[in-house]
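Enquirer: In this note's numbering, the protein residues as written are 12 to 216. For reference, the structure I am asking about is given below.
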């Protein structure tokens with residue numbers, strides 16, 4: 012049985028002192044019941060207006076909550092938008108906030124600027140998990156702005172600007188996170204964007 016739902020990602024604040032970011036993505040999610048509490052979750056993300064078409068600025072990271080009891084069977088990462096030496100990786104990181112007890116964060120992220128998906132591009136992800144159910148989840152998406160002075164960027168470090176978006180997604184590994192927009196923003200704003208920044212630092216070192 013397969014379910015579909017499209018939604019518009021809304022901008023949110025990564026840190027209390029920063030204004031809302033402008034821009035948008037659309038996400039289409041689906042869940043396929045493979046039997047035996049095993050589900051395949053598929054995500055299609057369209058970069059509506061983050062970055063400049065044809066540039067190396069744009070969509071750079073995607074994260075979802077995963078119950079710690081789940082077993083990762085397989086994942087599919089997208090190809091880099093502009094080819095080698097870019098590539099996308101996937102990791103599962105534990106959470107440290109008590110509000111997220113029982114959940115980890117599954118994170119896809121693009122290495123090198125060749126991985127970044129610019130405006131009007133479409134990117135696909137999938138993950139198959141055992142010992143899960145399908146339900147609501149919170150997801151984060153990150154835009155990379157390089158060293159441009161993009162005014163909507165709500166996170167900055169010496170290796171570039173990032174803008175973070177958070178949304179609630181149906182048809183995803185069930186994660187009973189209270190107030191997902193605000194709680195996920197806190198978690199992803201510190202952990203997810205921090206990971207992106209650290210790997211940029213390593214690449215440029």
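Beta carbons: idealized from backbone N, C-alpha and C, even for Gly.
Quick one: using the 10 Å Cβ neighbour count with 16 as the cut-off for buried, is residue 133 buried or exposed?
Expert: On the chain shown, residue 133 is found 122 positions in, with the first residue counted as 1. When all chains shown are included, residue 133 counts as exposed.
Enquirer: Going straight from the alpha carbon of residue 176 to that of residue 142, what length do you get?
Expert: For the purposes of this step, residue 176 is taken as the residue at position 165 of the chain shown. For the purposes of this step, residue 142 is taken as the residue at position 131 of the chain shown. If you take the alpha carbons of residue 176 and residue 142, they lie about 28 Å apart.
Enquirer: Would you mind giving the Cβ-Cβ distance between residue 72 and residue 121, rounded to the nearest angstrom? I have them listed as a contact below 8 Å.
Expert: Taking the first residue of the chain shown as position 1, residue 72 is located at position 61. Taking the first residue of the chain shown as position 1, residue 121 is located at position 110. Yes, they are in contact, since the Cβ atoms of residue 72 and residue 121 sit about 7 Å apart, within 8 Å.
Enquirer: Please identify the residue among 40, 64, 57 and 54 whose C-alpha is closest to the C-alpha of residue 156.
Expert: To locate residue 156, count along the chain shown from 1; it is residue 145. For the residues 40, 64, 57 and 54, the minimum Cα distance to residue 156 belongs to 64.
Enquirer: Using CA coordinates, which residue listed in 60, 76, 89 and 45 is at the minimum distance from residue 147?
Expert: Mapped onto the chain shown, residue 147 falls at position 136. The residue with the shortest Cα to Cα distance from residue 147 is 76.
Enquirer: Where does the unbroken beta strand (DSSP E) through residue 50 begin, and where does it stop?
Expert: For the purposes of this step, residue 50 is taken as residue 39 along the chain shown, with counting starting at 1. Segment 49-58, the beta strand (DSSP E) holding residue 50.
Enquirer: Going by CA-CA distance only, name the one from 59, 52, 44 and 69 that's closest to residue 150.
Expert: Locating residue 150 in the chain shown gives position 139, where the first residue counts as 1. A check of alpha carbon separations from residue 150 across 59, 52, 44 and 69 identifies 52 as the nearest.
Enquirer: Nearest-angstrom Cα distance between residue 79 and residue 111?
Expert: Your numbering for residue 79 matches position 68 in the chain shown. Your numbering for residue 111 matches position 100 in the chain shown. C-alpha of residue 79 to C-alpha of residue 111: approximately 10 Å in a straight line.
Enquirer: Is the separation between the beta-carbon of residue 88 and that of residue 119 shorter than 9 Å?
Expert: If you number the chain shown from 1, residue 88 lands on position 77. If you number the chain shown from 1, residue 119 lands on position 108. It is a contact, given that the beta carbons lie within the stated cut-off.
Enquirer: What number of angstroms, rounded off, separates the C-alpha of residue 139 from the C-alpha of residue 95?
Expert: Translated into the one-based positions of the chain shown, residue 139 becomes position 128. Translated into the one-based positions of the chain shown, residue 95 becomes position 84. Those two C-alpha atoms are separated by around 27 Å.
Enquirer: Return the residue from the list 127, 158 and 59 that minimises the CA-CA distance to residue 90.
Expert: Mapped onto the chain shown, residue 90 falls at position 79. Minimum Cα distance to residue 90 is reached at 127.
Enquirer: Please look up how many angstroms separate the CB atoms of residue 154 and residue 174, rounded, as I've assumed it's under 8 Å.
Expert: Stepping through the chain shown from its first residue, residue 154 is reached at position 143. Stepping through the chain shown from its first residue, residue 174 is reached at position 163. With 8 Å as the limit, residue 154 and residue 174 qualify as a contact, their Cβ atoms being about 4 Å apart.
Enquirer: May I ask you to report which of helix, strand or coil DSSP gives residue 16?
Expert: If you number the chain shown from 1, residue 16 lands on position 5. Model confidence at residue 16 stands at a pLDDT of 38, short of 50, so the residue's coordinates are unreliable and nothing is read from them.
Enquirer: Is residue 181 helix, strand or coil when you go by DSSP?
Expert: Start at 1 with the first residue of the chain shown, and residue 181 comes out as number 170. In the structure shown, residue 181 sits in a strand (DSSP, three-state: E or B).
Enquirer: What span of residues does the beta strand (DSSP E) with residue 118 cover, start to end?
Expert: Within the chain shown, the letter at position 107 stands for residue 118. Its beta strand (DSSP E) spans residues 114-122.
Enquirer: What residue does the beta strand (DSSP E) around residue 146 start on, and which one ends it?
Expert: If you number the chain shown from 1, residue 146 lands on position 135. Residue 146 -> beta strand (DSSP E) spans 145-155.
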